[in-house]
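Those letters in the sequence shown? Residues 567 to 978, by the numbering used here. Even glycine gets a Cβ: it sits at the ideal position worked out from N, Cα and C. For reference, the structure is listed below as structure tokens.
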Amino acid sequence: MPSVLYDEHVKLAGKSHMAAFAGYLMPLWYSSIAEEHRAVRQHAGLFDCTHMGVLEVSGPDAGSFLDAVSTNRVQDLKLGRAKYGYILDAAGNVLDDIIVYRRGETNFMVVVNAANESKIRSYLHELQQGRAVVDTQSSPWIAKLPKLKATIRDMRDPSRPSDRRADLALQGPASFDTLGKLTDASGAKRICELKSFAFVQEKLGGIDCLICRTGYTGSNVGVELFVDPQQAPRLWNLILEAGRPLGVLPCGLGSRDSLRIEAGLPLYGHELDGKFNISPFEAGYGWAVKLDKEFFIGQAAMRRVAETYDMEVARIELSAARGVRPIRQDDPLLDEQGECVGWVLSAAKAEDKQVALAYIDRKAAVEGKNLGVYYLARSDSQVEQGRKQAVQKGQKLEADLAGTVASRFAKF
């Protein structure tokens, strides 16, 4: 399915750079992944995020409902503020990572990953109808949760009469200056004064926007812009025109991925959940799981994980010099004795280095520690030459490439 910006993408990138992602045709890149990555770090980049799910949860018990569904605290969320958290099932499996925005006393906006939107909407409705497991143990919330009065709506639904929202993201140091060209002095001041995870309602080029200081690139300066989907193409072009003198570029999925990997941010199915069933604690986000609040779905399981997990996600930096082969997902990480301590989850080239997010033994996840990578076989001929197709934890091998454990997250 084309996104609402599909025609703009084809004008800029051509159809050959488009690919299917979460059911949408999205641009992989416009100029090049490296150029777009660099633009975000040095200037700013504009991303089509209209494929992301945007849900409204409203009603007298909306806050209580979301507080029971999310691992983070929602009830104490102030107006004009947002919080990152997780939706789990009763067994503690991560169903998605989310951001909850408080737009009113009884009105919230919840942004979910595109690939998970249908699943999350169905899950929330099943909870309301008493058809989903709320707790694996006896809990008053099993009876209480279905009685909470909250209405869930898709804010991108074309049949919605008003207040429709789709997401664009402008990320990088020139973001505020670019938006300042599209509003008046007081509006520009309010945007520049936004704190992390705060949002304001402003008009950009006459278009009503909800502007939040959030993002998925690790940029210290950056915003997400929630706008009526029908207005998204016009806003897209206004931002690119205003930002052109400042070095702003349109950016595709390729640089979105390399930027989030460089920053250490998780992608659902890779650094969250996935084949290793990675929990928020293992991903480095234990702070977003409030074990001390009254209740959330999956709380008992998270308490057990918090006390017992022995693997975690680490950010590894490696050489990207000419002639060095790129590392790939599932390549094993080796300690200084050559013993496998984990595996690559995601990897990308970021400027002059390779950055990997890896799932490794907690004892090895020490900043500054030297680790090696073993390249798994990439072809039948390599298998015939003795290169392995899979490696188990504890297996001993000789490393092909040296790397170092970096800080878990990086800000730019």
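Kindly indicate which residue of the options has the alpha-carbon position closest to the one of residue i.
{"i": "Asp896", "options": "Glu905, Tyr941, Gly852 and Ser597", "result": "Tyr941"}
{"i": "Glu759", "options": "Ile773, Asp743, Gly772 and Gly771", "result": "Asp743"}
{"i": "Ala854", "options": "Pro898, Glu683 and Tyr650", "result": "Tyr650"}
{"i": "Ala588", "options": "Ser684, Leu923, Val676 and Ser741", "result": "Ser684"}
{"i": "Asp881", "options": "Leu838, Glu933 and His836", "result": "The sequence given here places Arg at residue 881; Asp does not occur at that position. Among Leu838, Glu933 and His836, the Cα nearest to that of Arg881 belongs to Glu933."}
{"i": "Leu645", "options": "Leu884, Met675 and Ala924", "result": "Met675"}
{"i": "Ala605", "options": "Gly864, Gly809 and Ser725", "result": "Gly809"}
{"i": "Pro898", "options": "Asp701, Ala931 and Val910", "result": "Val910"}
{"i": "Leu612", "options": "Gly813, His691 and Gly864", "result": "Gly813"}
{"i": "Gly629", "options": "His603, His583 and Lys715", "result": "Lys715"}
{"i": "Phe842", "options": "Val879, Asp823, Arg826 and Glu860", "result": "Val879"}
{"i": "Arg719", "options": "His691, Ile599 and Ser636", "result": "His691"}
{"i": "Glu860", "options": "Ser705, Gln694 and Gly625", "result": "Ser705"}
{"i": "Tyr667", "options": "Ala751, Thr780, Leu900 and Gln951", "result": "Thr780"}
{"i": "Ala931", "options": "Leu900, Ala956 and Val957", "result": "Leu900"}
{"i": "Leu632", "options": "Ser598, Leu693 and Ser752", "result": "Leu693"}
When DSSP labels each residue in this structure, what does residue i get in the three-state scheme?
{"i": "Thr717", "result": "strand"}
{"i": "Gln641", "result": "coil"}
{"i": "Trp595", "result": "coil"}
{"i": "Phe811", "result": "The identity of residue 811 in the sequence shown is Pro, whereas the question assumes Phe. Three-state result, Pro811: helix."}
{"i": "Thr616", "result": "coil"}
{"i": "Phe861", "result": "coil"}
{"i": "Gly820", "result": "helix"}
{"i": "Glu692", "result": "helix"}
{"i": "Glu950", "result": "helix"}
{"i": "Tyr572", "result": "helix"}
{"i": "Phe792", "result": "strand"}
{"i": "Gly920", "result": "Just to set this straight, residue 920 is Gln in the shown sequence, not Gly. In this structure, Gln920 counts as strand in the three-state DSSP scheme."}
{"i": "Gln797", "result": "helix"}
{"i": "Arg647", "result": "strand"}
{"i": "Ala866", "result": "helix"}
{"i": "Leu911", "result": "strand"}
{"i": "Arg881", "result": "strand"}
{"i": "Gln608", "result": "helix"}
Do residue i and the ligand COA come close, with the Cβ less than 7 Å from some heavy atom?
{"i": "Val971", "result": "Ligands in the displayed structure: none, and consequently the ligand COA is not present."}
Would you mind stating whether residue i and residue j have Cβ atoms separated by less than 8 Å?
{"i": "Glu828", "j": "Ala916", "result": "yes"}
{"i": "Leu736", "j": "Ile805", "result": "yes"}
{"i": "Tyr834", "j": "Asn679", "result": "yes"}
{"i": "Gly738", "j": "Arg607", "result": "yes"}
{"i": "Glu837", "j": "Met877", "result": "no"}
{"i": "Asn659", "j": "Asp858", "result": "no"}
{"i": "Val890", "j": "Leu937", "result": "no"}
{"i": "Gly784", "j": "Ala656", "result": "no"}
{"i": "Ala943", "j": "Arg928", "result": "no"}
{"i": "Val570", "j": "Ala732", "result": "yes"}
{"i": "Pro799", "j": "Glu574", "result": "yes"}
{"i": "Arg722", "j": "Val623", "result": "no"}
{"i": "Ala648", "j": "Ile664", "result": "no"}
{"i": "Ala913", "j": "Ile893", "result": "yes"}
{"i": "Ala634", "j": "Phe862", "result": "yes"}
{"i": "Thr672", "j": "Pro795", "result": "no"}
{"i": "Leu654", "j": "Ile686", "result": "no"}
{"i": "Glu883", "j": "Ala764", "result": "no"}
{"i": "Tyr590", "j": "Ala579", "result": "no"}
{"i": "Leu831", "j": "Tyr782", "result": "yes"}
{"i": "Arg974", "j": "Gly852", "result": "no"}
{"i": "Gly904", "j": "Ala924", "result": "no"}
{"i": "Val939", "j": "Gly969", "result": "yes"}
{"i": "Tyr652", "j": "Pro846", "result": "yes"}
Who are the near neighbours of residue i in its chain, counting only those whose CB is closer than 7 Å to its CB and skipping five residues on each side?
{"i": "Ser985", "result": "For the chain, the structure presents residues 567 to 978; residue 985 sits outside this window and is missing."}
{"i": "Asp918", "result": "Ala886"}
{"i": "Tyr572", "result": "Leu591"}
{"i": "Thr702", "result": "Ala656, Ala657 and Ala866"}
Take residue i and list the residues in its own chain whose beta-carbon comes closer than 8 Å to its own, dropping the five residues that flank it on each side.
{"i": "Ile757", "result": "Phe742, Leu745, Gly746, Thr749, Val766, Glu768, Ile777 and Val789"}
{"i": "Leu801", "result": "Leu734, Leu770, Gly771, Ile773, Cys775, Leu791 and Val793"}
{"i": "Val576", "result": "Met584"}
Which residues in the same chain have their Cβ closer than 6 Å to the Cβ of residue i, if we skip the five residues on either side of it in sequence?
{"i": "Gln961", "result": "Cys906"}
{"i": "Leu791", "result": "Leu734, Cys775 and Ile777"}
{"i": "Lys959", "result": "Cys906"}
{"i": "Ala797", "result": "A small fix is needed here, since residue 797 is Gln in this sequence, not Ala. Cβ neighbours of Gln797 beyond the five flanking positions: Ile773."}
{"i": "Gly696", "result": "Pro712"}
With a threshold of 8 Å between beta-carbons, can residue i be considered close to chain C, or not?
{"i": "His609", "result": "Among the chains of the structure shown, chain C does not appear; only one protein chain is present."}
- Determine, using beta-carbon pairs with one atom in the segment 811-829 and one in the segment 640-656, whether at least three such pairs fall under 8 Å. no
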